[in-house]
Amino acid sequence: MRFRGKLVDIGCIQHFTRVVSTISKLAKTCTLRINQSKLYFILSERVVNGGVSIWCELTQGHFFNEFNMEGLAEDANEIFLELTPENMVKSLKSAQNAKWVKMKLTKKHTPCITFEVELPSLTSHSRTVVHDVPVSVIPKRLWDEFEEPEMPDFDVSIYMPPLKVVRNVVDRMKNLSNFVVLSANQSGELILKVETDLVSVSTHFRDLTHPQWTKDKDPNVSQTPTQTQQRDPQEFVEVRVDIRKFAQFLSSQQVGPQRVICNIVDNRIIHFFLLHDDVSLQYFMPVVSM
Amino acid sequence: MSTILKAVHFKETALVIASAMGLKVTVEDSKCIQANAFLQAGIFQEFLIKEEQVTFKINLTVLLECLNIFGSSSTPGSTTALRMCYAGYGSPLVLMLEEGGVLTNCSIKTQEPDETLDFNFCSTNVINKIIMKSECLKEAFNELDMTSEILQILMSPDKPYFRLSTFGNAGSTHSDFPKESDMVEAFNCTQTQTNRYKVSLLKPSVKALSSSVRVSIRTDNRGFLSLQFMIKNEDGQVCFVEYYCAPDEDMEEDYDS
Numbered sequence: 007m008r009f010r011g012k013l014v015d016i017g018c019i020q021h022f023t024r025v026v027s028t029i030s031k032l033a034k035t036c037t038l039r040i041n042q043s044k045l046y047f048i049l050s051e052r053v054v055n056g057g058v059s060i061w062c063e064l065t066q067g068h069f070f071n072e073f074n075m076e077g078l079a080e081d082a083n084e085i086f087l088e089l090t091p092e093n094m095v096k097s098l099k100s101a102q103n104a105k106w107v108k109m110k111l112t113k114k115h116t117p118c119i120t121f122e123v124e125l126p127s128l129t130s131h132s133r134t135v136v137h138d139v140p141v142s143v144i145p146k147r148l149w150d151e152f153e154e155p156e157m158p159d160f161d162v163s164i165y166m167p168p169l170k171v172v173r174n175v176v177d178r179m180k181n182l183s184n185f186v187v188l189s190a191n192q193s194g195e196l197i198l199k200v201e202t203d204l205v206s207v208s209t210h211f212r213d214l215t216h217p218q219w220t221k222d223k224d225p226n227v228s229q230t231p232t233q234t235q236q237r238d239p240q241e242f243v244e245v246r247v248d249i250r251k252f253a254q255f256l257s258s259q260q261v262g263p264q265r266v267i268c269n270i271v272d273n274r275i276i277h278f279f280l281l282h283d284d285v286s287l288q289y290f291m292p293v294v295s296m
Numbered sequence: 577m578s579t580i581l582k583a584v585h586f587k588e589t590a591l592v593i594a595s596a597m598g599l600k601v602t603v604e605d606s607k608c609i610q611a612n613a614f615l616q617a618g619i620f621q622e623f624l625i626k627e628e629q630v631t632f633k634i635n636l637t638v639l640l641e642c643l644n645i646f647g648s649s650s651t652p653g654s655t656t657a658l659r660m661c662y663a664g665y666g667s668p669l670v671l672m673l674e675e676g677g678v679l680t681n682c683s684i685k686t687q688e689p690d691e692t693l694d695f696n697f698c699s700t701n702v703i704n705k706i707i708m709k710s711e712c713l714k715e716a717f718n719e720l721d722m723t724s725e726i727l728q729i730l731m732s733p734d735k736p737y738f739r740l741s742t743f744g745n746a747g748s749t750h751s752d753f754p755k756e757s758d759m760v761e762a763f764n765c766t767q768t769q770t771n772r773y774k775v776s777l778l779k780p781s782v783k784a785l786s787s788s789v790r791v792s793i794r795t796d797n798r799g800f801l802s803l804q805f806m807i808k809n810e811d812g813q814v815c816f817v818e819y820y821c822a823p824d825e826d827m828e829e830d831y832d833s
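First to last, the protein sequences are chains A and B. Residue numbers for the first sequence follow this note's numbering, so the first one is 7 and each next one is one higher. Residue numbers for the second sequence follow this note's numbering, so the first one is 577 and each next one is one higher.
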């Protein structure tokens, strides 16, 4: 197995850092999957992860100037590694003004991803910083745990209001209750509600828009537009979630303003889908029954 | 409004009394200290009350969270509109807040009101009174030696005029404020008085002090302390918060002649 990549453009380096930073705020450890065209940060749905699952996909060509990889075998040309994203962030933090960053899969006392950062220097000598981020190689028999999650057959799909506003409200609601109910309909309305013995607070967002799902836009979508059209657009669907996990998701977002789609299956699934030019992030939160 | 309420928020529950004059929010502790926040009817765009007086007890922590639901720091250019309704005995306090087209509804349960203490502090019994700018007092209060159980306040027509003292593990500290200082706006001291108050009880008043522009310090013939803070709220309107504190009973009051 080999992997070698080089980031040269400072914008790409900073963007890559922000993406990994977002992941580090959502998961302590995760899986990094590498193939010829993409990098993935994956958190699979396991009890130990509290039911949260993450699928983050980066198109390698938008970040790396040079990229070479050789997977496990010819018919399994992928690399699966388990690592702590926070360690990657720490290495990348030293690269925010770098001339270039190289990432390499190496074998030191354990397998590592080695970051080599070339820093600008006033003298003619170059300054290089090297970080070794320990990783563990995931054997092929476990690879099917890390497949892309299926897009749920959602009841409602809506574009979230600016996450900053949602985050402010949820941060306050966090002090009032452990759970929050998110409801939405297909008429641009989203409601956040907490209810306890002492107080009930509900925040109502209106005039939101809805994504148009077609098979063309995303080939993975099994959902056809007719499914949502069959519902009464005014009818609300809702899910109840742990407020701390939701607040964590909202405060993790480091990658600039973007469209955030929220898909809901009544009382069963909540799925956030963030789409950027070169990065997509999917986040599933466990739903607590009402 | 939340600035004024935060200035008296040292206990979870508060008593709210609404009358035609406005709202009075009272918080008490240990039967020795009472804080009152006055939100006069004039600061509201609309203030309607059907009965002569309406009283209820409410969780002040929850109320403050609701008032700040859109975040405590106001972004420039954005204003939050607030409407409060109370339907009478047993009803919840209902808040409606709107900011940038987003609407939040809060319904907070109210409780049976408690009796509040009457500190019986009237101006005819005031022995010493000083009105000063809050600035300099803020510094002194922020540096109060917390290892001292007691804050001793001396007010006198003679030197040192106004002295704050603490007696902590490292030693005693004295802060003197001469009456000629331009921080002092009014000085009416008729008799030398030295009174002691528990620091732990007075600490909450620091919140009110830090939001205020002006403070009046008065003591009466029993050694009771009244602090009145003039606070300018976000819209530039003036509101008052007052603190009453009973002197520390473990110590004998000594009147220096």
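Yeah, the Cβ is synthetic: ideal placement off N, Cα and C, and Gly gets one too.
Residues of the stretch 682-698 of chain B with a C-beta atom less than 7 Å from some C-beta of chain A are 682, 683, 684 and 685, listed in chain order. The C-beta of residue 295 (chain A) has fewer than 16 other C-beta atoms within 10 Å across all chains shown, which makes the residue exposed.
Annotation: the stretch 711-794 of chain B contains the following complete segments of the beta strand (DSSP E) (minimum length 3 residues), in chain order: 726-731, 738-743, 748-752, 760-765 and 769-774.
Listed along chain A is no residue with a C-beta nearer than 8 Å to that of residue 581 (chain B); the closest approach is about 15 Å.
No Cβ of chain B is located within less than 8 Å of the beta carbon of residue 284 (chain A). Within 9 Å of the CB of residue 645 (chain B), the CB atoms of chain A belong to 174, 175, 178, 179, 207 and 209, in sequence order along the chain. Counting only Cβ-Cβ distances below 9 Å, residue 171 (chain A) has contacts in chain B at 646, 647, 675, 676 and 678, in chain order.
Within chain B, the C-beta atoms nearer than 7 Å to that of residue 182 (chain A) come from 638 and 641, in chain order. If you look at residue 253 (chain A), you'll find it in the alpha helix (DSSP H) that goes 249-258. Scanning A:216, A:205 and A:184 for the CA closest to the CA of residue 160 (chain A) turns up A:216. Cα atoms of residue 764 (chain B) and residue 785 (chain B): separation of roughly 21 Å, rounded to the nearest angstrom. Going by DSSP, residue 22 (chain A) is part of the alpha helix (DSSP H) stretching over 16-32. For the pair residue 678 (chain B) and residue 211 (chain A), the CB atoms are nearer than the 8 Å cut-off. A distance of 8 Å or more separates the beta carbons of residue 110 (chain A) and residue 39 (chain A).
In the three-state reduction of the DSSP assignment, residue 296 (chain A) falls in the coil class, being assigned neither a helical nor a strand state. Between residue 820 (chain B) and residue 717 (chain B), the CB-CB gap reaches or exceeds 8 Å. Residue 172 (chain A) sits away from residue 179 (chain A), with the two beta carbons spaced by 8 Å or more. In the structure shown, the three-state DSSP call for residue 178 (chain A) is helix.
Interface criterion not met: the Cβ of residue 250 (chain A) is under 8 Å from no Cβ in chain B.
One finds 635, 638, 684 and 685 in chain B with Cβ atoms closer than 8 Å to the Cβ of residue 204 (chain A), taken in chain order. For residue 138 (chain A), no Cβ of chain B is located within less than 8 Å of the residue's own Cβ. Taking a cut-off of 8 Å for Cβ pairs, the stretch 128-137 of chain A and the stretch 65-78 of chain A do not touch, as fewer than three such pairs fall below it.
In terms of Cα proximity to residue 241 (chain A), the closest of A:59, A:149, A:194 and A:293 is A:194. Annotation for residue 124 (chain A): the continuous beta strand (DSSP E) segment containing it runs 117-125. Minimum Cα-Cα distance from residue 628 (chain B) among the listed residues B:621, B:599 and B:637 corresponds to B:599.
In terms of beta-carbon proximity, residue 10 (chain A) stays away from the interface with chain B, with every pair separated by 8 Å or more. A Cβ-Cβ separation of about 6 Å places residue 207 (chain A) in contact with residue 182 (chain A) under the 8 Å criterion. In the same chain as residue 633 (chain B), and ignoring 5 residues on each side of it, the C-beta atoms closer than 8 Å to its own belong to 589, 590, 591, 592, 686, 687, 688, 689 and 690, in chain order. Residue 152 (chain A) is positioned such that its CB atom lies no closer than 8 Å to that of residue 258 (chain A). The beta-carbon distance between residue 105 (chain A) and residue 122 (chain A), rounded to whole angstroms, is 11 Å. This is too long to meet the 8 Å contact definition. Counting along the chain, residue 268 (chain A) sits inside the beta strand (DSSP E) bounded by residues 265-271.
At a cut-off of 8 Å between beta-carbon atoms, residue 213 (chain A) makes contact with chain B. Counted as a single uninterrupted DSSP element, the stretch harbouring residue 140 (chain A) is not any alpha helix (DSSP H) but the beta strand (DSSP E) occupying residues 133-140. Contact annotation: residue 814 (chain B) and residue 804 (chain B) have beta-carbon atoms that are not nearer than 8 Å. Between residue 799 (chain B) and residue 772 (chain B), the alpha-carbon positions lie close to 8 Å from each other. Your pair residue 187 (chain A) and residue 199 (chain A) checks out as a contact, with CB atoms roughly 5 Å apart and the cut at 8 Å.
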